[in-house]
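Here the structure is laid out as structure tokens; the discussion comes afterwards.
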Amino acid sequence: MKYILLLLLLPAFALAQKKPTNQNLFDTIPFIPDHTTDRLAQFAKQPVTQGGIIFLGNSITEMGNWAKLLNDTTVLNRGIGGDITFGVLKRLDDITNRHPKKVFILLGINDIGKDIPDSVIAYNYARIVKQIHANSSATKIFVQSILPVNSAHTNFPQHYDKGEHIPRVNKMLEANAKALDYTYINIASLFLDANKRLADQYTIEGLHLKPAAYEVWVAYLKKLKYL
């Protein structure tokens with residue numbers, strides 16, 4: 001436990017450059033087998049188009065109808081429910097082989113739910129970003145803040161009782177943006193209630209988003225001229 005606490009005290013930029021000493025403890029954390037297999041099979045059937053926009057992440061990304069929201073049928077949804085940063089690292093070739101113009105990433109809440117340390121999540125983000133830069137150098141990378149949860153609900157207790165980790169990881173992701181050459185976007189602030197929880201008007205059960213939330217999300221990205 002002592003070495004985890006020491007890692008959390010390191011400057012955020014250092015987390016992007018140095019492998020946490022406990023990294024290997026988590027390298028074998030599995031996917032959700034059936035759903036991940038089905039999603040990867042769907043992805044494999046799609047033609048390898050070049051230069052588009054990809055949304056990459058877990059169920060929060062998967063549940064967004066990005067092509068409809070952006071009125072662009074070429075936009076790809078690469079969200080997989082239950083996925084974590086380790087899972088995305090194993091499937092990045094599907095992203096970089098397409099040499100997308102832009103990639104929007106949202107990950108981390110499932111890592112937090114599995115008690116993966118904040119420093120390991122930040123380090124894995126750095127690995128993801130570096131791999132995209134290395135294999136698709138023209139791709140612009142947008143890292144979006146992990147969204148808050150709402151502990152007033154009961155569906156996902158493994159996530160609700162760890163809410164304090166969300167702002168910690170977000171601070172690391174924001175601090176690392178310049179050094180790792182990506183754009184950090186604070187979308188979490190769009191969906192907060194007065195208690196800094198995920199507002200009921202935007203959430204189904206304290207974790208996942210209602211359709212209206214995706215409209216707010218996309219409107220914000222357009223306002224910032226990222227779309």
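All the letters of the sequence shown, read from the start, carry residue numbers 1 to 227 under full-length UniProt numbering.
Where is the CB? At the ideal position from N, CA and C, for every residue including glycine.
Since the model is a prediction, treat every value here as computed from it, not as a measurement.
- Taken through DSSP and simplified to helix, strand or coil, Ile187 comes out as coil.
- If you look at Val103, you'll find it in the beta strand (DSSP E) that goes 102 to 106.
- Glu62 places its beta carbon 9 Å or farther from that of Gly51.
- If you compare the alpha carbons of Tyr202, Ile185, Asn186 with that of Asp193, the shortest gap goes to Tyr202.
- Bounds of the beta strand (DSSP E) holding Lys140 are 140 to 144.
- A direct Cα-to-Cα measurement between Val216 and Gly113 gives close to 25 Å.
- The beta carbon of Asn124 is closer than 7 Å to those of Thr85, Phe86, Leu89 in its chain, skipping five residues each way along the sequence.
- Contact annotation, Phe104 with Leu173: C-beta distance approximately 13 Å; criterion of less than 8 Å not satisfied.
- In the three-state DSSP reduction, Arg168 falls in the helix class (H, G or I).
- Residue pairing for Gly79: DSSP places it in a beta bridge opposite Gly57.
- Proximity to Gln131 across Tyr184, Arg168, His99 peaks at His99, based on C-alpha coordinates.
- Between Gly64 and Leu209, the gap from beta carbon to beta carbon is short of 9 Å.
- One Cα belongs to Ala177, the other to Ile54, and the distance between them is close to 19 Å.
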